[in-house]
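**Student:**
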Amino acid sequence: ELDPLLPASLAALLFIRMAATRPRWGVMGLGKISNDFSCSIIANGSPIAAVAARDLQKAQDFADKFGAKRAHGSYQDLVEDPEVDVIYVGTIHAVHFQNVKMALEAGKHVVCEKPMGVNTAEVRELIELARSKKLFLLEALWTRFFPAIRKAREVLASGELGEPRYVQGNFGFVALPEDEPHRLWDPEQAGGAMLDIGPYVLSAALMVFGSTVPEQIACTGTLAKTGVDKDCVLALSWAGKGSASLLCTLSTNLPDEVLVVCSNGQLRIHPPAHCPLRITVAKAVGDGQFEEEVHNFELPHCPECVSVNFPNSEGFLHEVKAVEDALQKGLLECPEYTLDESLAMVQIMDAFRKQVGVVYPFDK
């Protein structure tokens, strides 16, 4: 960060030099989520070298809005752009695999919105490709980069609450009616609750119990008319560690909170737990009695020239900073959310889909 007391001319010069050493971003797919992520790229003072959409005019409008140097009318042109170092993939679920693979094969580092792939085979292939080419790859689970989550992990690692024993998490909202065309209900677009919001509750359990597939996975749920899942209930158990009870749904509003029960207390991640600004640390002091300490965190500011679409999207800034820090250190993944965790998560999601009977056309 620049010293606010620096003379304006010197501050401007230092800002230019800092920007020149930062990775040059490319943005692939220019929908609402890419808008919000791009707000944080420019909030960080980082350069957007190029953006791409299938519609060149849409790409040009997006480039003008965010000050990108170039607009491309194809994703192939973006990955071949020599002035792009790292690409943010904000396309729909079903094409993440082909988009990420295209970028990696072109030698670009990649940050891909979750889910990085729709099944284990896709995610494993992308991880192996990135590692073989020594390229950075991140499934962009932005939750892990919020200061509230960093604090939660610090508390759990300190042992002050004892050993984690149980995780309870939920996330749900009322989607459009099933008979209305929408990606959430479309098997061709890898629709359903699990791939859309399931990663948030699953990541809470993986954060606590580690990046391994649980020995016991018991799932149930209900399917929409189109055959995708609209309600997901999971019971997971890691031998010698603990268990998790998770719920996500597209049919009702849920609090969006996480509770981690430990041997000497509990930790609550307050709503919205997928982009939290508050946690409560409760130490047990007797039967049913706890001594609570609340930690609150502020959202970063969004540049005045742009605006975000989703609640707390200003928090993408934490992820942008973490990615750039990792790249500048020569890391090939973010320690906050590793590729091993991405692989464990998709294996759990595959197990869920198998148990409840969700099959996508590209699974066959």
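The sequence shown begins at 1 in the working numbering and counts up one residue at a time. In this text, a Cβ means the ideal position worked out from N, Cα and C, and glycines have one as well.
Excluding five sequence neighbours on each side, which residues of the same chain lie with their C-beta closer than 7 Å to the C-beta of valine 416?
**Tutor:** Residue 416 is absent from the structure shown; the chain starts at 1 and stops at 364.
**Student:** Would you kindly work out how many angstroms separate the C-alpha atoms of glycine 221 and cysteine 305, rounded to a whole number?
**Tutor:** Roughly 43 Å separates the two Cα atoms.
**Student:** Give the range of the beta strand (DSSP E) segment to which lysine 283 is assigned.
**Tutor:** That run of the beta strand (DSSP E) goes 278-286.
**Student:** How should arginine 54 be labelled, buried or exposed, when 16 other C-beta atoms within 10 angstroms of its C-beta is the threshold for buried?
**Tutor:** Exposed, by the Cβ-count rule.
**Student:** Which residues in the same chain have their Cβ closer than 6 Å to the Cβ of threonine 280, if we skip the five residues on either side of it in sequence?
**Tutor:** Closer than 6 Å at Cβ, skipping near neighbours: Arg268, Glu292 and Val294.
**Student:** Here's the rule I'm using: 16 or more other beta-carbon atoms within 10 Å means buried, otherwise exposed. How should lysine 108 be labelled?
**Tutor:** With 16 or more Cβ atoms within 10 Å of its Cβ, lysine 108 is classed as buried.
**Student:** Using the rule of at least 16 other Cβ atoms within 10 Å of the residue's Cβ for burial, across every protein chain shown, is lysine 114 buried or exposed?
**Tutor:** It counts as buried.
**Student:** Using a Cβ-Cβ cutoff of less than 8 Å, which residues in the same chain neighbour leucine 13 once the five nearest sequence positions on both sides are dropped?
**Tutor:** Because the pLDDT at leucine 13 is just 43, under 50, the model does not fix this residue reliably, and the value given afterwards should be weighed accordingly. Nothing listed; no residue qualifies.
**Student:** Can you give the beta carbon distance from glycine 162 to serine 263, rounded, assuming they're within the 8 Å contact cut?
**Tutor:** With a Cβ gap of about 3 Å, glycine 162 and serine 263 count as contacting.
**Student:** Taking the alpha carbon of threonine 226 as the point to measure from, which residue in Glu180, Thr212 and Lys241 has its own alpha carbon closest?
**Tutor:** Here the closest residue by C-alpha is Glu180.
**Student:** Can you find the residues in the same chain that come closer than 7 Å, C-beta to C-beta, to glutamate 341, ignoring five residues on each side of it along the sequence?
**Tutor:** Same-chain partners within the cutoff: Leu206 and Ser211.
**Student:** Measure the Cβ-Cβ separation of valine 84 and alanine 49 and say whether it is below 9 Å.
**Tutor:** Result yes, Cβ atoms of valine 84 and alanine 49 sit closer than 9 Å.
**Student:** If you reduce the DSSP assignment to three classes, tell me which class alanine 224 lands in.
**Tutor:** In the structure shown, alanine 224 sits in coil (DSSP, three-state: anything other than H, G, I, E or B).
**Student:** Taking only three categories from DSSP, how would you classify asparagine 296?
**Tutor:** Looking at asparagine 296 - three-state DSSP - the assignment turns out to be strand.
**Student:** Give the straight-line distance between the Cα atoms of lysine 65 and proline 361, rounded to the nearest whole angstrom.
**Tutor:** Going by the C-alpha atoms only, they are around 37 Å apart.
**Student:** Start and end of the beta strand (DSSP E) containing valine 110?
**Tutor:** It spans 109-113 - the beta strand (DSSP E) in which valine 110 sits, taken as one unbroken run.
**Student:** If you check the beta carbons only, do phenylalanine 97 and valine 110 fall under 9 Å apart?
**Tutor:** For phenylalanine 97 and valine 110, no; Cβs fall outside 9 Å.
**Student:** Relative to the C-alpha of glutamate 125, which candidate in Phe145, Phe62, Ala43 and Leu104 has its C-alpha closest?
**Tutor:** For glutamate 125, the nearest C-alpha among the options comes from Leu104.
**Student:** Which first and last residues belong to the alpha helix (DSSP H) in which serine 307 is found?
**Tutor:** It is not in any alpha helix (DSSP H) - serine 307 carries neither H nor E in the DSSP assignment.
**Student:** If we count Cβ pairs, one from each stretch, closer than 8 Å, do we get three or more for the stretch 124-144 versus the stretch 236-252?
**Tutor:** With a cut-off of 8 Å, the stretch 236-252 and the stretch 124-144 do not count as touching, because too few Cβ pairs lie within range.
**Student:** Leaving out the 5 sequence neighbours to the left and right, which residues in its chain are closer than 8 Å to glutamine 347 when beta-carbon positions are compared?
**Tutor:** Thr120 and Val213.
**Student:** One question on the structure: do asparagine 309 and aspartate 61 come within less than 9 Å of each other, judged by their Cβ atoms?
**Tutor:** Cβ distance not < 9 Å, so asparagine 309 and aspartate 61 don't count as in contact.
**Student:** Going by other Cβ atoms of all chains shown within 10 Å of its Cβ, with 16 needed for buried, is histidine 301 buried or exposed?
**Tutor:** Label assigned to histidine 301: exposed.
**Student:** For the 8 Å Cβ check, are there 3 or more pairs between the stretch 138-155 and the stretch 314-331?
**Tutor:** Enough Cβ pairs lie closer than 8 Å, so yes.
**Student:** Between Ser132, Lys230 and Ser203, which has its C-alpha nearest leucine 176's C-alpha?
**Tutor:** Considering only alpha carbons, the answer is Lys230.
**Student:** Got a sec: does the ligand NAP put a non-hydrogen atom nearer than 8 Å to the Cβ of aspartate 350?
**Tutor:** Among the components of this structure there are no ligands whatsoever, and the ligand NAP is therefore not found.
**Student:** In angstroms with no decimal places, state the Cα-to-Cα distance between aspartate 186 and valine 228.
**Tutor:** Rounded to whole angstroms, aspartate 186 to valine 228 spans 7 Å at the Cα level.
**Student:** Enumerated in chain order, which unbroken segments of the beta strand (DSSP E) with a length of 3 residues or greater are wholly contained in the stretch 231-255?
**Tutor:** Those beta strand (DSSP E) runs which fall completely within the stretch 231-255 and span 3+ residues are 242-249.
**Student:** Have a look at lysine 283 and glutamine 168 and give me their C-alpha separation to the nearest angstrom.
**Tutor:** Near 18 Å, if we compare the C-alpha coordinates of glutamine 168 and lysine 283.
**Student:** Could you say which of Glu178, Cys232 and Ala218 lies nearest to leucine 195 if we only look at CA atoms?
**Tutor:** Of the candidates Glu178, Cys232 and Ala218, the one whose C-alpha sits nearest the C-alpha of leucine 195 is Cys232.
**Student:** Is DSSP giving alanine 50 helix, strand or coil here?
**Tutor:** Alanine 50 falls in the strand class under three-state DSSP.
**Student:** Using alpha carbons as the reference points, say which of Ser34, Glu128 and Leu129 lies closest to serine 307.
**Tutor:** Minimum Cα distance to serine 307 is reached at Ser34.
**Student:** Which of the three DSSP states is assigned to cysteine 334 in this structure?
**Tutor:** Reduced to three states, the DSSP call for cysteine 334 is strand.
**Student:** Taking DSSP as the reference, what is the three-state secondary structure of valine 260?
**Tutor:** Strand.
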